């Protein structure tokens, strides 16, 4: 299911800044003039290293931080914010003595859901997040992955329009990560606008319709993966698997449009093309070179630049 | 609305906790043991001795429990899930205070009732005198325990280590609560009940006021 995105912003941040002062008086600028908007139906991925300001941005959005500079506009401004927002905090714990049912009942009642609707709503949400048969289990007996799903369940309980997820995939095993990504995709397809932060770039690449890169409290760039790749002009790579010689490697270097050739392992070569190179022409030239050198190749394929490369270009110190 | 809900919720949590089992079972047992250990307490009714012990033991327990719970919940970011909902921050603390205090009240009344029963059958003091003494002891105990509970919350709000919170609650929280008890017992010019009531109430309000301001300013 694909999310249906329209151009009406549901959240807008204008020049939002936030600084913290520690006990010794040192001021840390957590956010500096951050501006961006999120559109209805979008899955917006917020990435950046530790301390980049992701959690601060999210806490401002959900109203946990009030003392900041700038402006935050939410589309349903006339409605109470807790009714339109669902929030999955990065490391929030539950009180250990609660059962799943008790925790969700409490959060549901505090969110204003009528008591008589709660049992059905809880059952539905638990099914939606894939947490069946745990209703009366104590939370402390649930696995880490199940607890993360429960955090998602409490965020979804009141049917929010906007879902804000702080590192939803952290600490999950591959199966749970896949399940979480599937759930997020289904929620977006159902019309929920989603903002999430993550360290796991492949997950962001998999599900985000747009990505913002945050570093040192500044929003460095925003766009789709393709837009970010184009902006940076990172050339494609051609991966070759098979026995090769130094003569073959130097022959590749002579092909027009080849920026560099690197050996990843004994039998793996990576040829980086310059960004403006015609990939088909370069591929044909590479194949011809292989034939001319009488080499046997097991695999040859085109590798598009990953989000990781774009991210490293921005965060790795080359762009400020 | 949220305070009532949070209060019921916390009450349910504390009521089932192991510490409260000590309170509900341990304190009444003290009443019985006191009778066998101190059959002749220089004419002082068992109920009075029990009330003083309960104020000290119950106060310590509640202070330690509240302080360590708050530190633990702060460090585990439990409050974030509550604060994104339409509740007043301070209600989170007030609900804990009221829940623990309710449990203490039940435990204390239960213990005192046992003490009173023993006094009734063993002492040759008229019932109305025993009852009056027990009521006085109850008021003094409750005043001291109110201070202990509010101090426990303050220690929990201000510290970030469970160990430190427990130590401070034992050595500071509980000692501070004795402010409501000792002057009235030592100084003959003071009415111990009125004194403990006044000190207990005012100290609790002041400490809860500090809790309010500190907790409101906390960054979650």
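Protein chains in written order, with the working numbering: chain A, 1 to 320; chain B, 321 to 540. Yeah, the Cβ is synthetic: ideal placement off N, Cα and C, and Gly gets one too. Fair warning: this is a prediction, and the values are worked out from it, not measured in the lab.
By a C-beta neighbour count over all protein chains shown, 10 Å radius and 16 as the cutoff for buried, is residue i buried or exposed?
i: residue 319 (chain A); result: Note that residue 319 (chain A) has pLDDT 45, beneath the 50 cutoff, so the model's placement of it is unreliable and the number below is only indicative. Exposed, by the Cβ-count rule.
i: residue 449 (chain B); result: exposed
i: residue 596 (chain B); result: Outside the modelled stretch of chain B, which goes from 321 to 540, sits residue 596 (chain B), for which no answer is possible.
i: residue 171 (chain A); result: exposed
i: residue 367 (chain B); result: buried
i: residue 264 (chain A); result: exposed
i: residue 43 (chain A); result: buried
i: residue 376 (chain B); result: buried
i: residue 496 (chain B); result: buried
i: residue 102 (chain A); result: buried
i: residue 388 (chain B); result: buried
i: residue 148 (chain A); result: buried
i: residue 311 (chain A); result: buried
i: residue 47 (chain A); result: buried
i: residue 10 (chain A); result: buried
i: residue 506 (chain B); result: exposed
i: residue 483 (chain B); result: exposed
i: residue 169 (chain A); result: buried
i: residue 14 (chain A); result: exposed
i: residue 400 (chain B); result: buried
Do you know offhand how far residue i's Cα is from residue j's?
i: residue 508 (chain B); j: residue 502 (chain B); result: 11 Å
i: residue 431 (chain B); j: residue 339 (chain B); result: 16 Å
i: residue 60 (chain A); j: residue 371 (chain B); result: 49 Å
i: residue 348 (chain B); j: residue 418 (chain B); result: 21 Å
i: residue 218 (chain A); j: residue 53 (chain A); result: 8 Å
i: residue 248 (chain A); j: residue 290 (chain A); result: 7 Å
i: residue 519 (chain B); j: residue 398 (chain B); result: 33 Å
i: residue 462 (chain B); j: residue 115 (chain A); result: 35 Å
i: residue 458 (chain B); j: residue 429 (chain B); result: 8 Å
i: residue 513 (chain B); j: residue 526 (chain B); result: 20 Å
i: residue 516 (chain B); j: residue 471 (chain B); result: 16 Å
i: residue 33 (chain A); j: residue 402 (chain B); result: 29 Å
i: residue 26 (chain A); j: residue 534 (chain B); result: 21 Å
i: residue 412 (chain B); j: residue 118 (chain A); result: 22 Å
i: residue 272 (chain A); j: residue 299 (chain A); result: 16 Å
i: residue 340 (chain A); j: residue 159 (chain A); result: Residue 340 (chain A) lies beyond the stretch modelled for chain A, which goes from 1 to 320, so this question has no answer here.
i: residue 35 (chain A); j: residue 500 (chain B); result: 56 Å
i: residue 179 (chain A); j: residue 416 (chain B); result: 37 Å
i: residue 524 (chain B); j: residue 489 (chain B); result: 15 Å
i: residue 511 (chain B); j: residue 537 (chain B); result: 39 Å
i: residue 41 (chain A); j: residue 182 (chain A); result: 16 Å
i: residue 130 (chain A); j: residue 150 (chain A); result: 9 Å
i: residue 230 (chain A); j: residue 313 (chain A); result: 13 Å
i: residue 287 (chain A); j: residue 202 (chain A); result: 30 Å
i: residue 491 (chain B); j: residue 379 (chain B); result: 12 Å
i: residue 328 (chain B); j: residue 145 (chain A); result: 29 Å
i: residue 29 (chain A); j: residue 334 (chain B); result: 41 Å
i: residue 386 (chain B); j: residue 31 (chain A); result: 35 Å
i: residue 469 (chain B); j: residue 460 (chain B); result: 14 Å
i: residue 301 (chain A); j: residue 283 (chain A); result: 9 Å
i: residue 19 (chain A); j: residue 50 (chain A); result: 16 Å
i: residue 245 (chain A); j: residue 253 (chain A); result: 13 Å
i: residue 441 (chain B); j: residue 106 (chain A); result: 47 Å
Should residue i and residue j be called a contact, given that it needs their Cβ atoms to be closer than 9 Å?
i: residue 237 (chain A); j: residue 297 (chain A); result: no
i: residue 325 (chain B); j: residue 109 (chain A); result: yes
i: residue 407 (chain B); j: residue 481 (chain B); result: no
i: residue 409 (chain B); j: residue 82 (chain A); result: no
i: residue 474 (chain B); j: residue 392 (chain B); result: no
i: residue 70 (chain A); j: residue 17 (chain A); result: yes
i: residue 390 (chain A); j: residue 96 (chain A); result: In this structure chain A extends from 1 to 320, so residue 390 (chain A) is not present and cannot be described.
i: residue 164 (chain A); j: residue 261 (chain A); result: no
i: residue 161 (chain A); j: residue 193 (chain A); result: yes
i: residue 381 (chain B); j: residue 345 (chain B); result: no
i: residue 485 (chain B); j: residue 521 (chain B); result: no
i: residue 464 (chain B); j: residue 436 (chain B); result: no
Given the structure, does residue i come close to the ligand MN, in the sense that its CB is under 8 Å from one of the ligand's heavy atoms?
i: residue 427 (chain B); result: Judged by which ligands are present, the structure shown has none, so any question about the ligand MN falls away.
Is residue i close to chain C? Criterion is C-beta to C-beta, closer than 9 Å.
i: residue 402 (chain B); result: The displayed structure is made up of protein chains A and B, and chain C is not among them.
Runs of alpha helix (DSSP H) lying entirely within the segment 80–106 of chain A, each at least 4 residues, in chain order: Taking only runs of at least 4 residues, the alpha helix (DSSP H) segments lying wholly in the segment 80–106 of chain A are 81–84.
The segment 148–155 of chain A in contact with the segment 80–90 of chain A per 3-pair CB rule at 8 Å: Contact between the segment 148–155 of chain A and the segment 80–90 of chain A is present: three or more C-beta pairs spanning the two stretches fall below 8 Å.
Per the contact definition of three or more C-beta pairs closer than 8 Å, is the segment 277–289 of chain A in contact with the segment 217–226 of chain A? As far as the Cβ criterion goes, the segment 217–226 of chain A does not touch the segment 277–289 of chain A, which means the pair count is below three.
Quick test of the definition: if touching needs 3 or more C-beta pairs under 8 Å, does the segment 122–133 of chain A touch the segment 372–385 of chain B? No: fewer than three Cβ pairs fall under 8 Å.
Are three or more beta carbon pairs between the segment 204–214 of chain A and the segment 181–195 of chain A nearer than 8 Å? Touching, yes.
Quick check on the DSSP output: what are the complete beta strand (DSSP E) runs of length 3 or more inside the segment 138–191 of chain A, in order along the chain? Entirely contained in the segment 138–191 of chain A, the beta strand (DSSP E) runs reaching 3 residues are, in chain order, 162–166.
Can you list, in chain order, the stretches of the alpha helix (DSSP H) that have 4 or more residues and sit fully within the segment 389–449 of chain B? Segments of the alpha helix (DSSP H) lying fully in the segment 389–449 of chain B: 398–403, 409–442.
Restricting to runs no shorter than 4 residues, where is the alpha helix (DSSP H) found entirely within the segment 201–235 of chain A? Taking only runs of at least 4 residues, the alpha helix (DSSP H) segments lying wholly in the segment 201–235 of chain A are 201–207, 225–232.
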